[in-house]
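Chemist: Here you go, one structure.
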Amino acid sequence: MRMVAVRPRRWGLWLLTLGALLLILPSAFGVHSLMGWSPMLLGLVACAASLPLLVAGAVLRRRYLKGQLARD
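For the sequence shown, our numbering begins at 1 and goes up steadily by one.
Next comes the structure, spelled out in structure tokens:
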């Protein structure tokens, strides 16, 4: 199988991981400000930005597989 929609899925997973780490950062390490921004806010933004990338990756992969099955 070809590497279809790897970049959106990879970036989405990285952003989701970063967002989750930023969400637990204040309680785990006592960090309450990153360059003047709240880690909770940055974590929520990263998680929200990851969702369209993950959905786009899934849609592109499904579209590719559907096209492959129709050709066979």
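Don't be surprised by glycine CBs; every beta carbon is placed ideally from N, CA and C.
Assuming contact is defined by CB atoms lying nearer than 9 Å, are Leu69 and Val4 in contact in what I supplied?
Modeler: No, the Cβ-Cβ distance between Leu69 and Val4 is not below 9 Å.
Chemist: For Leu34, which residues does DSSP report across the bridge?
Modeler: DSSP output for Leu34 lists Trp37 as bridge partner(s).
Chemist: In this structure, does DSSP put Ala5 in helix, strand or coil?
Modeler: Ala5: coil per DSSP, three-state reduction.
Chemist: Here's a check: name, in chain order, each residue in its chain whose Cβ is nearer than 7 Å to the Cβ of Val31, leaving out the five neighbours to either side.
Modeler: If we look at Val31 and ignore the five residues flanking it on each side, its Cβ neighbours are Leu25, Pro39.
Chemist: Return the Cβ separation of Leu22 and Gly43 in integer angstroms, given the expectation that the two are a contact with Cβ distance under 8 Å.
Modeler: Right, the Cβ-Cβ distance comes to about 3 Å (below 8 Å), so this counts as a contact.
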